[in-house]
Amino acid sequence: MEVTLIQVPYHAGDERHGSSDGPGRFVAAGAVDVFSARGLDVALDTIDRGGPFRDTAASAAQVNRRLADVVRQAVDRGRLPVVLSGSCNAAMGVLAGFDHARCGAVWLDAHADFNTPESGMSGFFPGMSLAIVTGHCYRSYWSQIGNSAPLAEDTIVMFGVRDLWPEAERERLERSAIAVLPWRDGRPQGDVEEALDELARRVQDIYLHIDFDGFAPEVAPGIVDEPAPGGLSLADAEEIVRGTAERFRIRAATLATYTPERDQDDKTLRVGLRLLELLADYANAAPKP
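Quick note: the sequence shown, position 154, residue 141 per the numbering used here, numbers continuous.
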């Protein structure tokens, strides 16, 4: 299966944030070679906002429209879109780029990204990413980007969640049909394989979303938010990604929020490159459409 590697060098439409440097750092460290070394045809694309930064909502929409276009072209050609983004907000653009009516999501994150303007007073746009793609807020906004059919909550499983704020977000998540496998003290509070098996009974296609803050801080310190102790090890993530690849057709994947200026000894960089290796292995084994 051919691959389109897409850089989104913005944090919610803004290039002035440290995480905006993450995609380029991955490419400079050999992200393209990870795929080509396995004999895969890989195309590299970079999203350009196409104008000056105005405000978060407008600029994020500009970026995500362009991202949706590139994802759409990749999917139409039978390629796997792999997105390197400065923000989880890119999920809107990725999903807007293809028909995801029968698609679920495997989402690795320390946070739920399930706030709405009503539940979270901070207005932090990336913290609403999952709420937006499940249709809980900004519906008309997402519809201007592309395919805005909401993901069904019961087709989503979250791994690594351990930092929910405010309490209203926790309550919203508990009321939802989203399957959540929290992490405490570096260990999953449930069975990873069972969670994936249950999801596989509902959907065959998956959007894979990985926020680096889902990892334990000592594993991946180069992240946007303040670190939340007790997250995933690299072995945990490998189990989840391999398990996802074995059970589902991965329609698209995103690695988000790598912040080079906060990394230590390139730990997060190496974790990300390893995740790209696993995605390359999947693409290499996947049948051509």
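No residue lacks a Cβ here, since even glycine has one placed at the ideal position from N, Cα and C. All values reported here derive from a predicted model rather than from experimental measurement.
Three-way DSSP call (helix, strand, coil) for residue 166 in this model: On the sequence shown, position 179 is the one that residue 166 refers to. Looking at residue 166 - three-state DSSP - the assignment turns out to be strand.
Buried or exposed for residue -6, going by 16 or more other Cβ atoms inside 10 Å? For the purposes of this step, residue -6 is taken as residue 7 along the sequence shown, with counting starting at 1. Residue -6 is buried by the Cβ-count criterion.
Neighbourhood of residue 37 by C-beta, 8 Å cutoff - its chain only, sequence neighbours within 5 removed: Start at 1 with the first residue of the sequence shown, and residue 37 comes out as number 50. Within its own chain, the residues whose Cβ lies closer than 8 Å to the Cβ of residue 37, once the five positions on either side in sequence are excluded, are 49, 53, listed in chain order.
Skipping 5 residues on each side, what residues in its chain have a beta carbon closer than 7 Å to that of residue 246? The residue labelled residue 246 in the question sits at position 259 within the sequence shown. Counting only residues of its own chain and dropping the five nearest sequence neighbours on each side, residue 246 has a CB closer than 7 Å to the CB of 5, 6, 9, 209, 210, 211.
Quick one: what does DSSP say residue 152 is sitting in, helix, strand or coil? By 1-based counting over the sequence shown, the position of residue 152 is 165. In the structure shown, residue 152 sits in coil (DSSP, three-state: anything other than H, G, I, E or B).
With contact counted as at least three CB pairs below 8 Å, one residue from each stretch, are the stretch 257 to 268 and the stretch 90 to 105 in contact? Taking a cut-off of 8 Å on C-beta distances, the stretch 257 to 268 does not touch the stretch 90 to 105, as fewer than three cross pairs fall below it.
Can you find at least 3 beta carbon pairs, one from the stretch 247 to 256 and one from the stretch 72 to 91, that sit closer than 8 Å? Result no; under three Cβ-Cβ pairs closer than 8 Å.
Can the beta-carbon of residue 237 be found less than 8 Å from the beta-carbon of residue 67? Translated into positions along the sequence shown, residue 237 becomes position 250. Translated into positions along the sequence shown, residue 67 becomes position 80. Yes, these two residues count as a Cβ contact at 8 Å.
Whose C-beta lies closer than 8 Å to the C-beta of residue 274 among residues of the same chain, with five residues either side of it excluded? Here residue 274 refers to the residue found at position 287 when the sequence shown is read from its first residue. If we look at residue 274 and ignore the five residues flanking it on each side, its Cβ neighbours are -12.
Candidates 225, 168, -3, of which the one nearest residue 113 by Cα: Numbered from 1 along the sequence shown, position 126 holds the residue referred to as residue 113. When only C-alpha atoms are compared, the closest one is -3.
For residue 32, the first and last residue of its enclosing beta strand (DSSP E): On the sequence shown, residue 32 is found 45 positions in, with the first residue counted as 1. Element bounds for residue 32: 29 to 33.
Decide yes or no for the touch test of the stretch 188 to 201 against the stretch 151 to 168: beta carbon pairs closer than 8 Å, at least 3 of them. Between the stretch 188 to 201 and the stretch 151 to 168, the count of Cβ pairs shorter than 8 Å is below three; the stretches do not touch.
Which residues in the same chain as residue 146 place their Cβ atom closer than 6 Å to its Cβ, once the five residues preceding and following it in sequence are excluded? Residue numbering aside, residue 146 sits at position 159 when the sequence shown is read from its first letter. The residues are 95, 168, 227.
Please classify residue 204: is it buried, with 16 or more other beta-carbons within 10 angstroms of its beta-carbon, or exposed? Stepping through the sequence shown from its first residue, residue 204 is reached at position 217. When all chains shown are included, residue 204 counts as buried.
Residue span of the beta strand (DSSP E) that contains residue 71, given as start and end: By one-based count along the sequence shown, residue 71 stands at place 84. Under the DSSP assignment, residue 71 falls in the beta strand (DSSP E) whose first and last residues are 67 to 72.
Tell me which residues share the same chain as residue 28 and place their Cβ nearer than 6 Å to its Cβ, disregarding the 5 neighbours each side in the sequence. Position 41 of the sequence shown, counting from 1, holds the residue named residue 28. Taken in chain order, the residues that qualify are -11.
According to the neighbour-count rule (16 or more other Cβ atoms, all chains shown, within 10 Å of its Cβ), is residue 272 buried or exposed? In the sequence shown, the residue the question calls residue 272 occupies position 285. So residue 272 ends up on the exposed side.
Could you give the distance in angstroms between the alpha-carbon of residue 128 and the alpha-carbon of residue 119? For the purposes of this step, residue 128 is identified with residue 141 of the sequence shown, where counting begins at 1. For the purposes of this step, residue 119 is identified with residue 132 of the sequence shown, where counting begins at 1. C-alpha separation (whole angstroms): 9 Å.
Just grab the DSSP bridge partners of residue 197 for me. Stepping through the sequence shown from its first residue, residue 197 is reached at position 210. Bridge partners of residue 197: 95, 242.
Check each candidate in 46, 87, 217 and name the one with the smallest Cα separation from residue 173. Along the sequence shown, one-based indexing puts residue 173 at 186. For residue 173, the closest C-alpha among the options 46, 87, 217 is that of 217.
Tell me which same chain residues have a C-beta within less than 6 Å of the C-beta of residue 40, skipping the five on either side of it? Here residue 40 refers to the residue found at position 53 when the sequence shown is read from its first residue. Within the same chain, residue 40 has close Cβ partners 1, 46.
Helix, strand or coil for residue 206? Go by DSSP, reduced to three states. For this step, residue 206 is matched to residue 219 along the sequence shown. Residue 206 falls in the coil class under three-state DSSP.
Using 8 Å as the threshold, is the C-beta distance between residue 138 and residue 91 below it? In the sequence shown, counting from the first residue as 1, residue 138 sits at position 151. In the sequence shown, counting from the first residue as 1, residue 91 sits at position 104. In contact: residue 138 and residue 91 (Cβ atoms closer than 8 Å).
Based on Cα-Cα distance, which residue from 134, 187, 148 lies nearest to residue 59? Numbered from 1 along the sequence shown, position 72 holds the residue referred to as residue 59. The shortest C-alpha to C-alpha distance from residue 59 to any of 134, 187, 148 is the one to 134.
What does DSSP give as the partner residue(s) for residue 175 in the beta ladder? Counting from 1 along the sequence shown, the entry for residue 175 is found at position 188. Answer is 170.
Beta-carbon gap between residue 116 and residue 241 smaller than 8 Å: As a working mapping, residue 116 is identified with position 129 in the sequence shown. As a working mapping, residue 241 is identified with position 254 in the sequence shown. For residue 116 and residue 241, no; Cβs fall outside 8 Å.
Measure the CB-CB distance between residue 186 and residue 148 and report whether it falls below 8 Å. Mapped onto the sequence shown, residue 186 falls at position 199. Mapped onto the sequence shown, residue 148 falls at position 161. Contact: no.
Among all the DSSP beta bridges, which residues are the ones paired with residue 19? Translated into the one-based positions of the sequence shown, residue 19 becomes position 32. According to DSSP, which records beta bridges pairwise, residue 19 is partnered with nothing at all.
Looking only at its own chain, which residues have a Cβ that is under 7 Å from the Cβ of residue 220, when we skip the five neighbours before and after it? For the purposes of this step, residue 220 is identified with residue 233 of the sequence shown, where counting begins at 1. Counting only Cβ-Cβ distances below 7 Å, and skipping sequence neighbours, we find 173, 203, 206.
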